[in-house]
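Here's the structure we're looking at; comments come further down.
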Amino acid sequence: MSFAQGKRLGLVLGGGGARGLAHLGVLQVLEEAGVRIDAVTGASVGAFVGAAVAAGLPIATLSEVARSVRWWHLARPCWPRRGLVSFAPLEAYLKRLLGDINIEDLSLPFACVATDAFTGAGVVFRSGQLAPRVRASCSVPGAVKPILIDGVVYVDGGMVDNLPIDIMHSIADVDVILAVNLFGPPTFLPQGIVGFTLTVAGHTLVQAGCNPHSADILVEPDCTGFSLTGFRYEELVGRGRAAMTAQLQVLLQVLQ
51 MSFAQGKRLG
61 LVLGGGGARG
71 LAHLGVLQVL
81 EEAGVRIDAV
91 TGASVGAFVG
101 AAVAAGLPIA
111 TLSEVARSVR
121 WWHLARPCWP
131 RRGLVSFAPL
141 EAYLKRLLGD
151 INIEDLSLPF
161 ACVATDAFTG
171 AGVVFRSGQL
181 APRVRASCSV
191 PGAVKPILID
201 GVVYVDGGMV
211 DNLPIDIMHS
221 IADVDVILAV
231 NLFGPPTFLP
241 QGIVGFTLTV
251 AGHTLVQAGC
261 NPHSADILVE
271 PDCTGFSLTG
281 FRYEELVGRG
291 RAAMTAQLQV
301 LLQVLQ
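Residue numbers (the working numbering): 51 to 306.
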């Protein structure tokens, strides 16, 4: 399916751990409708998915990656200091998947957010090596070991901006912003100590400095009952598809 898309679309993907699988459902519906994405920003898991989109990875390939890979393959125990796990394997996997590429060399304009662990200030990555910066954006404090980049220690960008809408216009000239927000009311379904830590830390992201309604189109998959560590692929992708399908006609109209 295709249509005459006259306007440029910026896609903003929010953080939310395993709930990020819902992003895939959104992307599948957009692709099936022939919608062109012109720029991407993301936080945490949204940075991971967004990086793949900006690199030009086919949605079918990304979906298969998400279906087959288990999150514990992308983390390793990090006892006893600075976090329960390290996302060094995630960084290495992203390099294998997309190549050891810089943000400025991606197919689409892209930016992701991280947090300076010492000052608490938000940082926007618009250039530099992609994989370590995506890793930084995903490193939930207290659960995941921070990462050192150019002398600065970084943690999850979702702590300051879990839905980076405002930075979109700083990376691309877009006409319409579509944002995917994965956080509704808090739902605590922790799985073990790592799951508990991620869930408690993750729900602080709801208070992060973002205004979902500043997007032109806001898509909010119903993630009620899904923890941040429960990778329930079919269900979460289905929630993303349903939420995007409900908004699709409105989006197509504003993009004409």
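In this text, a Cβ means the ideal position worked out from N, Cα and C, and glycines have one as well.
Q) Quick one: what does DSSP say threonine 165 is sitting in, helix, strand or coil? A) strand
Q: Starting from glycine 64, follow the alpha helix (DSSP H) in both directions and report where the run begins and ends.
A: Run containing glycine 64: none; DSSP gives neither H nor E here.
**Q.** Span of the beta strand (DSSP E), counted from its first residue to its last, around glycine 172
**A.** 172-175
(Q) Can you find the residues in the same chain that come closer than 6 Å, C-beta to C-beta, to leucine 94, ignoring five residues on each side of it along the sequence? (A) Residue 94 is actually serine in this sequence, not leucine. Closer than 6 Å at Cβ, skipping near neighbours: Gly65, Ser187, Cys188, Asp206, Gly208.
Q: Given a cut-off of 8 Å, decide if valine 230 and valine 304 are closer than it, judged by their beta-carbon atoms.
A: no
Q. According to DSSP, is leucine 268 helix, strand or coil?
A. strand
Q. What is the DSSP secondary structure of serine 136, reduced to helix, strand or coil?
A. strand
Q. According to DSSP, what are the bridge partners of valine 90?
A. Leu61, Phe160
Q | Run of the alpha helix (DSSP H) containing alanine 101, from where it starts to where it stops | A | 95-104
Q.
Just list the residues that DSSP pairs alanine 229 with in beta bridges.
A. Val62, Leu268
Q. How about serine 157 and alanine 104: do their beta carbons lie closer than 8 Å?
A. yes
Q. Can you give the Cα-Cα distance for arginine 291 and proline 271, rounded to whole angstroms?
A. 8 Å
Q) Any idea which residues DSSP pairs asparagine 152 with across the strands? A) Gln179
Q: From the DSSP output, in three-state form, read off arginine 185 for me.
A: helix
**Q.** Pick from Gly149, Phe160, Val85, Val119 that is closest to alanine 54, judged by C-alpha positions
**A.** Val85
Q) By Cβ distance, which residues of its chain are closer than 8 Å to phenylalanine 175, with the 5 residues on each side in sequence left out? A) Ile153, Ala161, Cys162, Val163, Ala164, Arg183, Ala186, Ser187
(Q) Can you look up isoleucine 215 in the DSSP assignment and give me helix, strand or coil? (A) coil
Q: Report yes if the CB atom of serine 118 is closer than 8 Å to the CB atom of glutamine 78, and no otherwise.
A: no
Q) With C-beta atoms as the reference, is lysine 195 less than 8 Å away from valine 135? A) yes
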